[in-house]
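*Asks:* Input: one structure, supplied below.
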């Protein structure tokens, strides 16, 4: 799997880490980021669909 490096503000990282760990929503930072990217792309597809910019 390819690796991607990003710079993010500490405040955003702290918020992300609040959801990562044992008995939390995500098992790792990578899992949380992958889930967020998938959700963002799905939302962008929905917007594009509504504006007729996405081929079915």
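Residue numbers (this note's numbering): 805 to 860. Glycine included, each C-beta is placed from N, C-alpha and C at the ideal position. Keep in mind it's a predicted model, so treat the numbers as computed, not measured.
Let's see if you can read the secondary structure: which residues bound the alpha helix (DSSP H) around residue 851?
*Replies:* 833-854
*Asks:* Are residue 823 and residue 836 close, meaning C-beta to C-beta below 8 Å?
*Replies:* yes
*Asks:* Who are the Cβ neighbours of residue 811 in its own chain at under 8 Å, not counting the five residues just before and after it?
*Replies:* none
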